[in-house]
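So the protein sequences, as listed, match chains A and B.
In short: position in the first sequence from 1, add 90, done, that's this note's numbering.
In short: position in the second sequence from 1, add 22, done, that's this note's numbering.
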Amino acid sequence: MKTEDFVSLLAAGVEPIDARRSTRRYVLAITGGMMGALAITGGVLHLNRALSQEMLEPMFWLRDAYCVILGSLGVLAVTRLARPGIRLGVVAAGIGAVVIAMWLFAALKLLTAPAQDRAHLLLGTTAAVCPFLITLVAAPLFVAFVWALRGFAPTQLRSTGAALGFAAGSLGALAYSLHCPELTAPFIGVWYLLGMLIPAAIGATLGPRLLRW
Amino acid sequence: MQLKEERLRSLLIRGLVGDASAYHLFLGELTAHLRSFLRRRMSRLPEETEDLVQELLLAIHNQRHTYDPGQPLTAWVQAIARYKLIDLLRRRSRTDGLHDPLDDDELFAVADTEPAEARFDLAKLLKQLPDRQRLPILYVKVEGGSVADAAKRTGMSESAVKVGIHRGLKALAMKIRSIA
Chain A
91 MKTEDFVSLL AAGVEPIDAR RSTRRYVLAI TGGMMGALAI TGGVLHLNRA LSQEMLEPMF
151 WLRDAYCVIL GSLGVLAVTR LARPGIRLGV VAAGIGAVVI AMWLFAALKL LTAPAQDRAH
211 LLLGTTAAVC PFLITLVAAP LFVAFVWALR GFAPTQLRST GAALGFAAGS LGALAYSLHC
271 PELTAPFIGV WYLLGMLIPA AIGATLGPRL LRW
Chain B
23 MQLKEERLRS LLIRGLVGDA SAYHLFLGEL TAHLRSFLRR RMSRLPEETE DLVQELLLAI
83 HNQRHTYDPG QPLTAWVQAI ARYKLIDLLR RRSRTDGLHD PLDDDELFAV ADTEPAEARF
143 DLAKLLKQLP DRQRLPILYV KVEGGSVADA AKRTGMSESA VKVGIHRGLK ALAMKIRSIA
């Protein structure tokens, strides 16, 4: 077929684009992925038995706010990278700023704590499993975001994979917080972050294969 | 060049709301720029330029919902063109074909209206699609009929006809990638 004729074919009866469809795709991915993450948290793991008391602690909400803010920035990064020629801009710096803010708060907590309490503030009782359990809980979100991105045109597949993994990890951490008994800033600053970075690394590795179009 | 960007951008934006004749002009004028952009970068694969022009046009069409009207059109088209070019070179595992740096190019500064022959035949590839995609494309996109008319002729619903066209063109892009 001649290129000219192909152009006529593509243009014939072209349908208007409905911008809401793109939004709907992301909403569907976040909702479906989050339901999967909550199902793993409640079904495979179990809800924290002290949840109702812990919800009275400000730290419970700070932890969730941390996950929500990082998750939102991660989703924002994904939606930008999904469009050709749009740069990440300040999103990456925003993620860095939130992470550093938590580190500063954690450092303050560690410095003001008695020396014998510091190890416990940092490690809690679940440090060894936390990042891996967050990765597990994030798996449905990861799959949902890959699906969502297959409806778009990312051109930097490694960065896009990393961003989608980070977004999945952050929202996975939010679901996981309903299971997790740890409420200290040093713990969240290290082990929650690691739980977000493992899916990000998996995303960066698999991105070029999963997101090609 | 700024004028060209403005003109093509406004044609595309009209196309995105369903103005087929503006969209036709957009794709037609863009073709020459894509061809020139690719010819200068594919001097080692000259016989494949027209294939990639067609593949790019299809990619731009299939991904037109990712264009943000607030964004420079050049940036959007170049990102897609570069992505598809690198993808092709990788498939050829001849990354050394990239002698020219791919950045800071002014896409709309140059045009090439001299088409070469495409090596693959899109008409043949279209025939390989399943009927629920092939017939809607044939009736609406090739013969230029309405969606309602195609729905009547195929016994499909109007939305199934639209979905068939959409999925069929995506499937066509996959087919091109697997043979090219």
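Glycine is no exception: its CB is placed at the ideal position from the N, C-alpha and C atoms.
In terms of Cα proximity to residue 203 of chain A, the closest of A/103, A/231, A/248 and A/274 is A/274. If you check each beta-carbon in the stretch 163-177 of chain A against every beta-carbon of chain B, the ones closer than 8 Å belong to 172, 173, 174, 175 and 176. Closest in alpha carbon position to residue 178 of chain A, among A/293, A/252, A/194 and A/122, is A/252. About 7 Å separates the Cβ atoms of residue 191 of chain B and residue 80 of chain B, confirming a contact at the 8 Å cut-off. Measuring C-alpha to C-alpha distances from residue 180 of chain B to each of B/157, B/106, B/195 and B/101 identifies B/157 as the nearest.
Buried is the label assigned to residue 228 of chain A, since at least 16 other Cβ atoms lie within 10 Å of its Cβ.
Not a single CB atom of chain B sits nearer than 8 Å to the CB of residue 233 of chain A.
Judged by beta-carbon spacing, residue 114 of chain B lies beyond the 8 Å limit of residue 38 of chain B, meaning their Cβ atoms are not closer than that value. Look at residue 185 of chain B: its C-beta is not under 8 Å from any C-beta on chain A. Contact between the stretch 98-113 of chain B and the stretch 116-132 of chain A is absent, with fewer than three C-beta pairs closer than 8 Å. Taking 9 Å as the upper bound on Cβ-Cβ separation, chain B lies near residues 91, 92, 93, 94, 95, 96, 97, 98, 99, 100, 101, 102, 103, 104, 105, 106, 107, 108, 109, 111 and 112 of the stretch 91-117 of chain A. Between residue 167 of chain B and residue 41 of chain B, the alpha-carbon positions lie close to 15 Å from each other. DSSP places residue 153 of chain A in the helix class (H, G or I) of the three-state scheme. Interface annotation, residue 243 of chain A: in contact with chain B, CB-CB separation under 8 Å. Within 10 angstroms of the beta-carbon of residue 281 of chain A lie 16 or more other beta-carbons, which makes it buried. CA-to-CA, the gap between residue 297 of chain A and residue 248 of chain A works out to about 5 Å.
In the three-state DSSP reduction, residue 153 of chain B falls in the helix class (H, G or I). Scanning its chain for C-beta atoms nearer than 7 Å, with the 5 sequence neighbours on each side dropped, one finds around residue 223 of chain A the residues 135 and 266, in chain order.
The C-alpha of residue 143 of chain B is placed about 48 Å away from the C-alpha of residue 184 of chain A. Not flagged as an interface residue toward chain A: residue 26 of chain B, since no C-beta distance is shorter than 8 Å. A distance below 8 Å between beta-carbons, with the five flanking residues on each side excluded, links residue 187 of chain B to the following residues of its chain, in chain order: 155, 158, 159, 162 and 163. For the pair residue 95 of chain A and residue 120 of chain A, the Cα-to-Cα distance works out to about 41 Å.
The Cβ atoms of residue 285 of chain A and residue 221 of chain A lie closer than 8 Å to each other. Proximity of the stretch 131-140 of chain B to the stretch 54-68 of chain B meets the contact definition, three or more beta-carbon pairs being nearer than 8 Å. If you ignore the 5 residues before and after residue 137 of chain A, its C-beta comes within less than 8 Å of the C-beta of 131, 268 and 269, all in its own chain and listed in chain order.
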